[in-house]
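Protein sequence lines correspond, in order, to chains A and B.
Residue numbers for the first sequence, in full-length UniProt numbering: 1 to 342.
Residue numbers for the second sequence, in full-length UniProt numbering: 1 to 342.
Glycine residues also receive a C-beta, built at the ideal position from the N, C-alpha and C atoms.
This report concerns only the one structure given below.
Number of protein chains: 2
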Amino acid sequence: MAGSTLRDVARRAGVSIRTVSNVVNGSVPVSEELRTRVQAALDELDYRPNLVARNLRRGRSGMIALVVPELDVPYFAELAREVITATRAHGYVVMLDQTDGDGERERELLGRESRATMFDGLLLSPLTISAEELRSRTNRVPVVLLGEHIFNGSFHHVAIDNVAAAREATEHLLGLGRRRVAAIGDQPYSTGETAQLRTIGYRQALERAGLTVDEDLIVPTQRFHRHLGAQAMEHLLALPEPPDAVFCYNDLLAIGAMRAAARAGVRVPEDIAVVGVDGIQEGQYSSPSLTTVAPDKAQIARTAVGTLLAVIDGSAPPPTETKAPHQLLVRESTVGTGGAGS
Amino acid sequence: MAGSTLRDVARRAGVSIRTVSNVVNGSVPVSEELRTRVQAALDELDYRPNLVARNLRRGRSGMIALVVPELDVPYFAELAREVITATRAHGYVVMLDQTDGDGERERELLGRESRATMFDGLLLSPLTISAEELRSRTNRVPVVLLGEHIFNGSFHHVAIDNVAAAREATEHLLGLGRRRVAAIGDQPYSTGETAQLRTIGYRQALERAGLTVDEDLIVPTQRFHRHLGAQAMEHLLALPEPPDAVFCYNDLLAIGAMRAAARAGVRVPEDIAVVGVDGIQEGQYSSPSLTTVAPDKAQIARTAVGTLLAVIDGSAPPPTETKAPHQLLVRESTVGTGGAGS
DNA sequence: CTCAGCTATTGCATCGTTGCAAAAGGCGCA
DNA sequence: TGCGCCTTTTGCAACGATGCAATAGCTGAG
Numbered sequence: 001m002a003g004s005t006l007r008d009v010a011r012r013a014g015v016s017i018r019t020v021s022n023v024v025n026g027s028v029p030v031s032e033e034l035r036t037r038v039q040a041a042l043d044e045l046d047y048r049p050n051l052v053a054r055n056l057r058r059g060r061s062g063m064i065a066l067v068v069p070e071l072d073v074p075y076f077a078e079l080a081r082e083v084i085t086a087t088r089a090h091g092y093v094v095m096l097d098q099t100d101g102d103g104e105r106e107r108e109l110l111g112r113e114s115r116a117t118m119f120d121g122l123l124l125s126p127l128t129i130s131a132e133e134l135r136s137r138t139n140r141v142p143v144v145l146l147g148e149h150i151f152n153g154s155f156h157h158v159a160i161d162n163v164a165a166a167r168e169a170t171e172h173l174l175g176l177g178r179r180r181v182a183a184i185g186d187q188p189y190s191t192g193e194t195a196q197l198r199t200i201g202y203r204q205a206l207e208r209a210g211l212t213v214d215e216d217l218i219v220p221t222q223r224f225h226r227h228l229g230a231q232a233m234e235h236l237l238a239l240p241e242p243p244d245a246v247f248c249y250n251d252l253l254a255i256g257a258m259r260a261a262a263r264a265g266v267r268v269p270e271d272i273a274v275v276g277v278d279g280i281q282e283g284q285y286s287s288p289s290l291t292t293v294a295p296d297k298a299q300i301a302r303t304a305v306g307t308l309l310a311v312i313d314g315s316a317p318p319p320t321e322t323k324a325p326h327q328l329l330v331r332e333s334t335v336g337t338g339g340a341g342s
Numbered sequence: 001m002a003g004s005t006l007r008d009v010a011r012r013a014g015v016s017i018r019t020v021s022n023v024v025n026g027s028v029p030v031s032e033e034l035r036t037r038v039q040a041a042l043d044e045l046d047y048r049p050n051l052v053a054r055n056l057r058r059g060r061s062g063m064i065a066l067v068v069p070e071l072d073v074p075y076f077a078e079l080a081r082e083v084i085t086a087t088r089a090h091g092y093v094v095m096l097d098q099t100d101g102d103g104e105r106e107r108e109l110l111g112r113e114s115r116a117t118m119f120d121g122l123l124l125s126p127l128t129i130s131a132e133e134l135r136s137r138t139n140r141v142p143v144v145l146l147g148e149h150i151f152n153g154s155f156h157h158v159a160i161d162n163v164a165a166a167r168e169a170t171e172h173l174l175g176l177g178r179r180r181v182a183a184i185g186d187q188p189y190s191t192g193e194t195a196q197l198r199t200i201g202y203r204q205a206l207e208r209a210g211l212t213v214d215e216d217l218i219v220p221t222q223r224f225h226r227h228l229g230a231q232a233m234e235h236l237l238a239l240p241e242p243p244d245a246v247f248c249y250n251d252l253l254a255i256g257a258m259r260a261a262a263r264a265g266v267r268v269p270e271d272i273a274v275v276g277v278d279g280i281q282e283g284q285y286s287s288p289s290l291t292t293v294a295p296d297k298a299q300i301a302r303t304a305v306g307t308l309l310a311v312i313d314g315s316a317p318p319p320t321e322t323k324a325p326h327q328l329l330v331r332e333s334t335v336g337t338g339g340a341g342s
């Protein structure tokens with residue numbers, strides 16, 4: 001009932017604890033006779049190794065944690081799946097943890113009483129926490145950062161080229177002949193840098209096209225959620241001179257924006273074209289389907305996991321910045337039903 | 001570097017290991033003088049308790065695991081958020097694990113070398129694994145089941161009343177005057193029972209309305225994903241006498257179905273009304289927005305977590321079947337833009 | 001001045017497992 | 001018959017923390 005231990009099994013089989021351990025682990029040769037006797041005892045007592053004890057002894061757990069702000073943000077859920085796949089390929093196991101983008105929780109995760117010590121390494125997608133904080137807190141556990149960039153080069157980091165991604169998205173809109181291109185999702189005061197990089201890319205595209213940036217068309221949002229995208233779109237549509245296209249900093253904002261447009265009787269893409277970032281499944285099935293810049297999530301996951309495991313086993317190079325590929329997926333929200341749909 | 005232990009701190013502060021432990025835990029009184037001296041040593045060495053060792057000694061980890069088939073299915077992601085919230089309220093921590101709905105992985109999770117032993121309890125949302133298997137495998141770790149019903153009453157179980165939910169969804173469609181109501185998502189051969197219960201509710205509604213069930217209008221699907229909903233809808237639209245309404249067994253199927261309808265030029269809800277189950281955020285922002293039967297996820301989470309913790313501390317009643325409330329949210333996909341939108 | 005009675009501190013054993021090295025048993029060869 | 005080698009089996013210590021009970025140190029009462 002309370003779970004049998006090696007000792008119980010050993011007593012029952014009339015052998016030493018160590019021999020039972022050898023049978024369980026299979027690493028050391030055990031005579032056929034004892035092996036069967038021990039095996040029988042194992043079965044009868046339904047022995048399960050106590051992994052906590054094993055991990056303590058071995059000094060590693062075979063588990064890494066993936067820490068994301070919000071699991072119900074589809075991008076993170078989809079990324080999590082890829083991370084799990086990539087990790088399993090190495091014989092490791094992933095546990096997920098959510099911080100809610102709450103700085104307090106992120107700190108708690110890394111602080112004194114940190115759960116982090118139970119894992120061999122962390123894949124961290126930080127939202128609020130800042131660079132120095134991170135560095136001062138994670139000097140024990142191997143860490144690889146996903147997405148958010150941290151300035152000083154003290155961490156391994158995997159992300160897409162946010163400037164290029166934003167630029168390409170905006171250029172796509174310009175290439176369709178749109179001239180008043182808005183942006184939804186800037187976060188000028190956030191500690192995170194992703195939004196700011198996307199704003200840079202957006203500006204680059206406009207400038208290269210010889211257009212001046214209308215600051216009123218850049219709508220900041222606190223976070224990247226659907227309802228904030230809708231709000232931002234309502235704001236834009238109420239302008240004296242509304243835009244004819246919007247670059248949204250992620251797909252959820254875009255979906256909210258499209259919803260607001262629909263409710264206002266504004267047609268997408270005829271009246272206003274919409275493009276997002278993230279390449280989430282939801283965008284494939286929205287009406288209209290969503291044009292998006294899709295990061296290669298599988299590649300991000302593989303790189304991040306590979307790097308983390310290298311850090312864990314000590315074979316890692318010094319901290320690297322890795323850029324993962326991304327790809328513009330053109331769908332109905334910019335080119336209508338005639339386009340490369342689905 | 002390798003992480004300092006109580007021993008290191010004790011040596012440095014010139015006190016016993018036990019005293020350091022007392023300072024760290026704060027449970028036993030320590031004189032002001034020693035306390036400051038130990039605290040200084042703790043800070044200098046940046047001591048972090050080894051949670052693995054602590055858990056071994058204490059016999060509990062303060063962590064439970066939530067095991068779901070697929071994290072990128074929005075229902076599970078949203079449920080996970082509620083579970084995390086509910087669990088934190090009790091001072092526990094949740095780790096998420098994904099089985100991919102793969103029976104192999106579910107078994108692995110519960111099998112001999114089970115990770116489960118590292119957690120104080122499991123919230124399990126089984127997909128493939130069957131009743132006897134579950135029982136024979138989890139005799140160690142406290143378990144509460146979510147969603148899928150397991151026949152013999154050997155587990156605590158929390159779910160909505162699937163029959164009633166399906167019946168209400170179907171009745172809603174009938175109440176709008178629809179007479180050829182289809183169903184998407186039956187799984188007559190699955191080990192899981194949820195789909196079968198929903199089919200029962202669907203039939204009940206038709207029968208109570210005095211309609212005969214047209215078996216051709218019940219379209220089974222392997223799983224509950226968007227693309228399968230789209231396929232099923234295409235199939236239905238190709239029938240000689242297509243339906244004027246569809247009850248989809250979850251929101252993803254419904255969203256896929258709506259997408260297929262849009263592509264085929266069939267209007268929702270004018271030509272065909274659509275209702276789903278799950279109440280996921282995505283359905284609020286789709287065009288048209290999706291009518292759905294929404295389980296009270298927060299309530300499910302609270303009940304499940306409360307029950308699990310009771311099982312863990314031994315104060316649990318015998319296994320119970322708990323029905324969580326659900327609610328029909330009427331939106332555009334059944335009543336059009338005139339309805340209780342948003 | 002002694003002793004009970006309290007508080008602060010400590011040592012030892014223990015949680016369940018595995019690494020290490022020694023012990024025990026079997027066999028061939030001289 | 002005796003020695004050494006190889007294989008199987010075992011005992012001990014350790015991973016890092018905490019529960020328990022005993023010790024040391026102090027105060028106040030008789």
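Just the C-alpha distance for A/Leu239 and A/Asp216, rounded to the nearest angstrom, thanks.
Looking up residue 239 of chain A in the first sequence gives position 239. Looking up residue 216 of chain A in the first sequence gives position 216. Cα to Cα, A/Leu239 sits roughly 9 Å from A/Asp216.
Specify the secondary structure class of B/Ala10 as computed by DSSP and reduced to three states.
Locating residue 10 of chain B in the second sequence gives position 10, where the first residue counts as 1. Helix at B/Ala10.
Name the DSSP bridge partner or partners of B/Glu282?
The residue you call residue 282 of chain B lines up with position 282 of the second sequence. Note: B/Glu282 sits in no beta bridge, so no partner.
Beta-carbon separation of A/Leu328 and A/Ala294 under 9 Å?
Numbered from 1 along the first sequence, position 328 holds the residue referred to as residue 328 of chain A. Numbered from 1 along the first sequence, position 294 holds the residue referred to as residue 294 of chain A. For A/Leu328 and A/Ala294, yes; Cβs fall inside 9 Å.
Helix, strand or coil: how does DSSP classify A/Ala65 here?
Reading the first sequence from its first residue, position 65 is the one you call residue 65 of chain A. Shown here, A/Ala65 sits in a strand according to DSSP, grouped into three states.
Is the segment 237-256 of chain A touching the segment 182-190 of chain A in the sense that three or more CB pairs, one from each, lie closer than 8 Å?
yes
Within 9 Å of any Cβ in chain A, is that where the Cβ of B/Asp271 sits?
Within the second sequence, numbered from 1, the residue matching residue 271 of chain B stands at position 271. False, the Cβ-Cβ gap to chain A never drops below 9 Å.
Neighbour flag for B/Glu70 against chain A, beta carbons, 9 Å:
In the second sequence, the residue the question calls residue 70 of chain B occupies position 70. So, interface residue.
Quick one: what's A/Ile218 bridged to in DSSP?
Along the first sequence, read from residue 1 onward, the residue named residue 218 of chain A stands at position 218. In the DSSP output, where bridge partners are listed per residue, A/Ile218 has A/Ala183.
Give me the Cα-Cα distance between B/Gln281 and B/Pro74, rounded to the nearest whole angstrom.
Against the second sequence, residue 281 of chain B aligns to sequence position 281. Against the second sequence, residue 74 of chain B aligns to sequence position 74. Distance between the alpha carbons of B/Gln281 and B/Pro74: 8 Å.
Leaving out five residues before and five after A/Val23 in sequence, what residues of the same chain have Cβ atoms less than 8 Å from its Cβ?
Taking the first sequence and counting its residues from 1, the one referred to as residue 23 of chain A is at position 23. Excluding positions up to five away in sequence, the list reads Val30, Leu34, Arg35, Val38, Gln39, Leu42.
Opening and closing residue of the alpha helix (DSSP H) in which B/Ile312 lies:
As a first step, residue 312 of chain B is located in the second sequence; it is residue number 312 there, counting from the start. Counting along the chain, the alpha helix (DSSP H) containing B/Ile312 begins and ends at 297-312.
Counting only the same chain and skipping the five closest in sequence on each side, list residues whose C-beta sits under 6 Å from that of A/Ser125.
Position 125 of the first sequence, counted from the start, is the residue given in the question as residue 125 of chain A. Taken in chain order, the residues that qualify are Val68, Leu146, Gly147.
Proximity to A/Ala264 [Cα-Cα], best of B/Ala264, B/Gly256, B/Ser287
What you label residue 264 of chain A is simply residue 264 of the first sequence in a count that begins at 1. Nearest C-alpha to A/Ala264: B/Ser287.
Kindly confirm or deny that the segment 265-275 of chain B and the segment 199-208 of chain B touch, where touching means at least three C-beta pairs closer than 8 Å.
no
Alpha carbon to alpha carbon, how far is A/Ser342 from B/Ala159?
Here residue 342 of chain A corresponds to residue number 342 of the first sequence, with the count starting at 1. Here residue 159 of chain B corresponds to residue number 159 of the second sequence, with the count starting at 1. Low local confidence applies: a pLDDT of 41 at A/Ser342 is under 50, so the model's placement there is unreliable, and no value is given.
Chain B contacts made by the segment 77-97 of chain A, where a contact means CB separation under 7 Å
Within the segment 77-97 of chain A, Ala77, Glu78, Ala80, Arg81, Ile84, Val93, Met95, Leu96, Asp97 place their CB atoms closer than 7 Å to a CB of chain B, listed in sequence order.
Here's the rule: buried if 16 or more other CB atoms are within 10 angstroms of the residue's CB, otherwise exposed. What is B/Leu44?
If you number the second sequence from 1, residue 44 of chain B lands on position 44. In the sequence under discussion, the amino acid at residue 44 of chain B is Glu, which differs from the Leu named in the question. B/Glu44 comes out exposed.
Contacts around B/Ser333, its chain only, beta-carbon distance under 6 Å, and the 5 residues preceding and following it disregarded:
To locate residue 333 of chain B, count along the second sequence from 1; it is residue 333. Hits under 6 Å: Val268, Pro269, Val274, Pro288, Leu290, Thr291.
Determine the closest residue to A/Tyr202 out of A/Gly306, A/Ala165, A/Ile17, with distance taken between C-alpha atoms.
The residue you call residue 202 of chain A lines up with position 202 of the first sequence. Looking at the Cα atoms, A/Ala165 is the closest of the given residues.
Can you have a look at B/Asn25 and say buried or exposed, based on whether 16 or more other CB atoms are within 10 angstroms of its CB?
Your numbering for residue 25 of chain B matches position 25 in the second sequence. By the neighbour-count rule (16 or more Cβ atoms within 10 Å), B/Asn25 is not buried but exposed.
Are the C-beta of B/Ala65 and some C-beta of chain A separated by less than 9 Å?
Counting from one through the second sequence, the residue named residue 65 of chain B turns up at place 65. Taking Cβ atoms only, chain A reaches closer than 9 Å to B/Ala65, which makes this a yes.
Let me confirm a value: B/Ala77 is counted as buried when at least 16 other C-beta atoms fall within 10 Å, else exposed. Which label applies?
One-based indexing of the second sequence puts residue 77 of chain B at position 77. Label assigned to B/Ala77: buried.
Which complete alpha helix (DSSP H) runs does the segment 245-281 of chain B hold, if anything under 4 residues is left out?
Under the rule that a run must span 4 or more residues, the alpha helix (DSSP H) segments found entirely inside the segment 245-281 of chain B read 251-263.
Below 6 Å CB to CB, which residues in the same chain sit around B/Val9 once its five sequence neighbours on both sides are set aside?
Within the second sequence, residue 9 of chain B is the residue found at index 9, counting from 1. Only Val20, Ala41, Leu42, Leu45, Tyr47 meet the Cβ criterion.
At 8 Å on the CB atoms, spell out the chain B contacts of A/Ser125, in chain order.
For the purposes of this step, residue 125 of chain A is taken as the residue at position 125 of the first sequence. Within chain B, not a single residue places a beta-carbon under 8 Å from that of A/Ser125; the smallest gap is close to 14 Å.
Under a Cβ-count criterion, where at least 16 other Cβ atoms within 10 Å of its own Cβ denotes burial, should B/Ser4 be classed as buried or exposed?
For the purposes of this step, residue 4 of chain B is identified with residue 4 of the second sequence, where counting begins at 1. Buried, by the Cβ-count rule.
The beta strand (DSSP E) enclosing A/Leu127, as first and last residue numbers
Residue 127 of chain A sits at position 127 when you count from the first residue of the first sequence. Here A/Leu127 belongs to no beta strand (DSSP E), and DSSP marks it neither H nor E.
Starting from the C-beta of A/Leu253, find all residues in its chain whose C-beta is less than 8 Å away, skip the five residues before and the five after it, and write them out in chain order.
Taking the first sequence and counting its residues from 1, the one referred to as residue 253 of chain A is at position 253. Excluding residues within five positions, the ones whose Cβ falls inside 8 Å are Ile184, Gly185, Thr221, Phe224, His225, Arg226, Leu228, Gly229, Ala232, Gly276.
How long is the line joining the alpha carbons of A/Ala340 and A/Gly175, rounded to whole angstroms?
Locating residue 340 of chain A in the first sequence gives position 340, where the first residue counts as 1. Locating residue 175 of chain A in the first sequence gives position 175, where the first residue counts as 1. Residue placement at A/Ala340 cannot be trusted, given a pLDDT of 39 that sits under 50; what the coordinates show is reported in the next sentence. Rounded to the nearest angstrom, the two C-alpha atoms are 16 Å apart.
Under three-state DSSP, which class holds A/Asp46?
Along the first sequence, one-based indexing puts residue 46 of chain A at 46. Here A/Asp46 sits in coil by DSSP.
Closest Cα partner of B/Thr307 within the set B/Arg331, B/Asp120, B/Glu234, B/His235:
The sequence position of residue 307 of chain B within the second sequence is 307, counting from 1. The shortest Cα separation from B/Thr307 among B/Arg331, B/Asp120, B/Glu234, B/His235 belongs to B/Asp120.
Would you tell me roughly how many angstroms separate the C-alpha atoms of B/Arg179 and B/Val335, rounded to the nearest one?
As a working note, residue 179 of chain B is residue 179 in the second sequence. As a working note, residue 335 of chain B is residue 335 in the second sequence. So the two alpha carbons sit approximately 15 Å from each other.
For chain A, check one thing: does any of its Cβ atoms lie closer than 9 Å to the Cβ of B/Ser286?
Walking along the second sequence from the start, residue 286 of chain B turns up at place 286. B/Ser286 belongs to the set of residues whose beta carbon lies under 9 Å from a beta carbon in chain A.
Please decide whether B/Val52 counts as near chain A, where near means a Cβ-Cβ distance under 9 Å.
Taking the first residue of the second sequence as position 1, residue 52 of chain B is located at position 52. Chain A contact via Cβ: present.
Closer than 8 Å, Cβ to any Cβ of chain B: which residues of the segment 2-16 of chain A, in chain order?
For the segment 2-16 of chain A, which is checked against every Cβ of chain B, the residues closer than 8 Å are Gly3.
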